[in-house]
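If you're matching them up, the sequences are chains S and G in order. For the first sequence, my numbering begins at 1 and goes up steadily by one. For the second sequence, my numbering begins at 1 and goes up steadily by one. Virtual Cβ for every residue (Gly too), placed ideally from N, Cα, C. Notes for the one structure printed next.
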Amino acid sequence: GAVVSQHPSWVICKSGTSVKIECRSLDFQATTMFWYRQFPKQSLMLMATSNEGSKATYEQGVEKDKFLINHASLTLSTLTVTSAHPEDSSFYICSIMGLGAGTDEQYFGPGTRLTVT
Amino acid sequence: GEDVEQSLFLSVREGDSSVINCTYTDSSSTYLYWYKQEPGAGLQLLTYIFSNMDMKQDQRLTVLLNKKDKHLSLRIADTQTGDSAIYFCAEREDSSYKLIFGSGTRLLVRP
Numbered sequence: 001g002a003v004v005s006q007h008p009s010w011v012i013c014k015s016g017t018s019v020k021i022e023c024r025s026l027d028f029q030a031t032t033m034f035w036y037r038q039f040p041k042q043s044l045m046l047m048a049t050s051n052e053g054s055k056a057t058y059e060q061g062v063e064k065d066k067f068l069i070n071h072a073s074l075t076l077s078t079l080t081v082t083s084a085h086p087e088d089s090s091f092y093i094c095s096i097m098g099l100g101a102g103t104d105e106q107y108f109g110p111g112t113r114l115t116v117t
Numbered sequence: 001g002e003d004v005e006q007s008l009f010l011s012v013r014e015g016d017s018s019v020i021n022c023t024y025t026d027s028s029s030t031y032l033y034w035y036k037q038e039p040g041a042g043l044q045l046l047t048y049i050f051s052n053m054d055m056k057q058d059q060r061l062t063v064l065l066n067k068k069d070k071h072l073s074l075r076i077a078d079t080q081t082g083d084s085a086i087y088f089c090a091e092r093e094d095s096s097y098k099l100i101f102g103s104g105t106r107l108l109v110r111p
C-alpha cells in the first residue's frame, strides 16, 4: 500500500494562532486527498475532499474559511486551522487515494494531534 | 443519511476468536471496509469486501456480509494481544469515494 506521512505529529498552539498540517504521499500519486478529524473515543468525521489542482469540497458544517485546504501537487496537501480555539483540539488524519494498479483504496496517514490552549 | 453502527467494546481471551459486528444503512454501498487503529496512530486497512460477496477470508480474518440485513462482521481467529486496538467498519458511498465510519469497537485481548 501507499505510504502517507503527516507533519507535525503533535502540535500545541495558543488560542488565536494558525496551524498548518502537512500530508504527504511518499510513493504514490494522490489524485484525491481527504481530511478527517477524530475527537477522543469517537469515530472519524470527514471534513473535506480535495482533488489536486482544484478547490476542496467541504462537508456540511465544516467552515471552509477556518479550515483551509491546499492540494497543490500530487504528493502534498495542507490543512491550515486558522484562528484556532480550544474546541478545535482534535486528532486530524489525512488519507490519500489515487488510481493505479486497479485499486481505489484510501491510505491513511498517522495523524496529527492538535492541542489548542 | 447514512449511518454505521458498532458495539463499543469487546473483550476476549488470548487464543479465542473475536467477532466484531457492524450494521449499515446505505444499501447502495459497493465496498465495505474494516480498519484497525492502534493508540495514537492512523488507520490501517485490514480488509474489504465487495457488496456482491458474502464472505472473504484472509489468513486469520474472515469477513461476512449479509446484504439483506445490512450486517457486516469481522472474525479474528486465534486472537493475540497485539490485536488489541479499535476496529472501525466503514461503507463507501456508491456515488463517491467518501467513507462513512462506524463508531469503532475497542477490542481488548486478555492474556
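With contacts defined by Cβ atoms closer than 8 Å, A84 of chain S and S18 of chain S form a contacting pair. Residue-level contact by beta carbon fails for Y87 of chain G and chain S, as no gap is shorter than 8 Å. Note that the segment 5–14 of chain G does not touch the segment 52–66 of chain G; fewer than 3 beta-carbon pairs, one per stretch, sit closer than 8 Å. Buried is the label assigned to R92 of chain G, since at least 16 other Cβ atoms lie within 10 Å of its Cβ. Per DSSP, R60 of chain G is not a residue of any beta strand (DSSP E), being assigned neither H nor E. Between L44 of chain S and chain G, the shortest Cβ-Cβ separation is below 8 Å. Within the same chain, E5, K70, H71 come within 7 Å of T23 of chain G by CB-CB distance, once the 5 residues on both sides are set aside. Interface annotation, K36 of chain G: not in contact with chain S, CB-CB separation never under 8 Å. Between the segment 59–74 of chain S and the segment 40–58 of chain G, the count of Cβ pairs shorter than 8 Å is below three; the stretches do not touch. Here S73 of chain S is not near F34 of chain S, since their CB atoms are 8 Å or more apart. Take the alpha-carbon of V11 of chain S and the one of R113 of chain S: they are about 6 Å apart. Cα atoms of L32 of chain G and G53 of chain S: separation of roughly 29 Å, rounded to the nearest angstrom. Counting of Cβ neighbours within 10 angstroms places A77 of chain G among the exposed residues, the total staying below 16.
Setting aside the 5 residues that flank it on each side, T115 of chain S is surrounded in the same chain by I12, S89, each with a C-beta closer than 6 Å to its C-beta; the list follows chain order. Nearest in C-alpha terms to S50 of chain S, of all of S:T78, S:F39, S:K41, S:S43, is S:T78. Rounded to whole angstroms, the separation of the alpha carbons of A41 of chain G and F39 of chain S is 13 Å. Short of 7 Å from the beta carbon of T57 of chain S, and not among the five residues preceding or following it, lie these beta carbons of its own chain, in chain order: A48, T49.
DSSP places T80 of chain S in the uninterrupted beta strand (DSSP E) bounded by 76–81. Rounded to the nearest whole angstrom, the CA to CA distance from I69 of chain S to T80 of chain S is 6 Å.
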